[in-house]
Structures are given as C-alpha cells and as structure tokens.
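Residue numbers (the working numbering), protein chains in the order written: chain A, 71 to 184; chain B, 46 to 157.
No residue lacks a Cβ here, since even glycine has one placed at the ideal position from N, Cα and C.
Quantities reported herein were computed from a predicted structural model and do not represent experimental measurements.
Structure record follows, encoded as structure tokens.
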C-alpha cells in the first residue's frame, strides 16, 4: 500500500466552480504538506505549503490539513481554464530516516471547461 | 540563465547503454533531487544530495548512480539502461530539506 493516496481523476469542472482535491496518507509522522501544480510537459511548481494541521489561504487557493483523519485537501475557488493541470500532493516527516524526503501522490488531473 | 536546467530534454537509447542526464542550478541550493515520474506512480525519489559530495538513496535507486562534485551540478547516470527505466526524469533543488523544491523542465527518456 502506498503511503500517499491520490485519486488520478480526471476531474472535470465548469469554469467558475470550486475544485476540491484531496490526498490521504498512512504515516502519522508526516508534518510537512505541499501541493504542486504541473502543467503538461512541464515540471511541478509549488502552490501551497503547510506545516502540521490547519488551514492556509492564498488568493483563490485554500489548503487544509486534518492530521486526525490523515487527510489533506486543496480547494480552488472561481476556477479558470488556466487551472487545468495535474495537482500533486507531497508530504514529509521531520525526523527519522525519511528526513527531508517528500512522498508524492500520483497526482489528480483537473480540467476546467469554459 | 537563472534557475534549474536539465539536458538533454529528450533522449532515446538502447537497452544496455550508459546514459547520463545532466542537472544544473544557479541558486547555489544545498539540496538537489532526482525523481522519476511514471503514470500511476507520481513522482518517486531516486537519489538526493544534501551538499557537494553528500548523496543518499531515495525510494527507487537501483540501476542509477549519482555524483555531486560541484554544488550546482547533479548528474544522474543509468549504468546499463533497461526498458523499465523509460520515464520522465525531473531534477529539483531546494535551499533546505523542507524548503520549496524547484523543479527543472524534465528529461523524457525512452529505452528501446
């Protein structure tokens, strides 16, 4: 079983809708949580970064971490066609032999239709 | 150019050949990483380096060799390429182990 699970999609939404993405994980030691966006044939780029639990908002993007449920979410409000991409979650422990090594989800493909 | 670059961008090789993928960053980041990306698996860490001359294995290191004699360069070598190593390879760098990782544009490798 993978440590990080992410539905690959595709997730298709109309322009203006809220996009809801999530990842589940099995390792309770994960403390650092990231969301990356990857356009086709490009490298991933960081969207959101949170430590431990809680919410973080940046413009149209909100990241949530629920450590009790081992579940993280990314919400995109007022989605635009330019949000069409693959979104990857990533997480890491802060100590032990996995120190600094991020585990990535498989990525969810999002398509925002005009 | 500032940033992180990878070369070549595309490579076709044959089974058994040695292949080296290059990665160069201009930020003087201490940490550098090599990932492979395959459908259904996401990004998997091959090797990483915390500083020049310090490297460590990631999740899928078998069949790969890395070196880091200079901070800015982190080449990845496939000693004897196999078809299972057909993949997209991404190099990344960061200022620290938990800092944002900046990714290169990727190298698309096909092993025939």
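Exercise. Quick one: does residue 143 of chain B have its CB under 8 angstroms from some CB of chain A?
Worked result: Within the second chain, the letter at position 98 stands for residue 143 of chain B. Closer than 8 angstroms to some Cβ of chain A, the Cβ of residue 143 of chain B qualifies, so yes.
Problem set entry | residue 143 of chain A vs residue 81 of chain A beta-carbon contact at 8 angstroms | To locate residue 143 of chain A, count along the first chain from 1; it is residue 73. To locate residue 81 of chain A, count along the first chain from 1; it is residue 11. No, Cβ-Cβ distance for residue 143 of chain A and residue 81 of chain A is not below 8 angstroms.
Exercise. With DSSP run on the structure shown, which of helix, strand or coil describes residue 98 of chain B?
Worked result: Numbered from its first residue, the second chain carries residue 98 of chain B at position 53. The three-state reading of DSSP puts residue 98 of chain B in coil, since its state is none of H, G, I, E or B.
For this session: State yes or no: is the beta carbon of residue 48 of chain B nearer than 8 angstroms to at least one beta carbon in chain A?
Result: The residue you call residue 48 of chain B lines up with position 3 of the second chain. So, not an interface residue.
For this session: Return no unless some Cβ of chain A is closer than 8 angstroms to the Cβ of residue 119 of chain B.
Result: To locate residue 119 of chain B, count along the second chain from 1; it is residue 74. False, the Cβ-Cβ gap to chain A never drops below 8 angstroms.
For this session: Using three-state DSSP, classify residue 107 of chain B as helix, strand or coil.
Result: In the second chain, residue 107 of chain B corresponds to position 62, counting from 1. In the three-state scheme derived from DSSP, where H, G and I count as helix and E and B as strand, residue 107 of chain B is classed as coil.
For this session: Mark residue 107 of chain A as exposed unless 16 or more other C-beta atoms lie within 10 angstroms of its C-beta, in which case mark it buried.
Result: As a working note, residue 107 of chain A is residue 37 in the first chain. Burial call: buried.
Exercise. Can you name the residues of chain E whose CB is closer than 9 angstroms to the CB of residue 162 of chain A?
Worked result: The chain labelled as chain E is not found among the protein chains of the depicted structure, namely A and B.
Problem set entry | 7 angstroms Cβ shell around residue 127 of chain B - same chain, five flanking residues per side excluded | The sequence position of residue 127 of chain B within the second chain is 82, counting from 1. Annotation for residue 127 of chain B: 60, 108, 156 place their beta carbon closer than 7 angstroms to its own, counting only its chain and skipping 5 residues before and after.
Problem set entry | Contact with chain B by residue 177 of chain A, beta-carbon distance below 8 angstroms | Here residue 177 of chain A refers to the residue found at position 107 when the first chain is read from its first residue. Yes, residue 177 of chain A counts as interfacial toward chain B.
Problem set entry | Separation of residue 73 of chain A from residue 106 of chain B, as counted between CA atoms | Position 61 of the second chain holds residue 106 of chain B. Position 3 of the first chain holds residue 73 of chain A. Going from the Cα of residue 106 of chain B to the Cα of residue 73 of chain A covers about 18 angstroms.
Exercise. Would residue 66 of chain B count as contacting chain A if we go by Cβ distances under 8 angstroms?
Worked result: To locate residue 66 of chain B, count along the second chain from 1; it is residue 21. No, its Cβ sits nowhere closer than 8 angstroms to a Cβ of chain A.
For this session: Would you mind working out which of B:50, B:110, B:95, B:49 sits nearest residue 64 of chain B, comparing C-alpha positions?
Result: Start at 1 with the first residue of the second chain, and residue 64 of chain B comes out as number 19. Minimum Cα distance to residue 64 of chain B is reached at B:110.
For this session: Could you check if residue 76 of chain A is buried or exposed, using at least 16 other CB atoms within 10 Å of its CB as the buried criterion?
Result: Numbered from 1 along the first chain, position 6 holds the residue referred to as residue 76 of chain A. With 16 or more other Cβ atoms within 10 Å, it is buried.
For this session: Use the C-beta contact count for residue 178 of chain A: other C-beta atoms within 10 angstroms, 16 or more gives buried, fewer gives exposed.
Result: Start at 1 with the first residue of the first chain, and residue 178 of chain A comes out as number 108. With 16 or more Cβ atoms within 10 Å of its Cβ, residue 178 of chain A is classed as buried.
Problem set entry | Three or more C-beta pairs below 8 angstroms linking the region 117-135 of chain B and the region 88-104 of chain A | no
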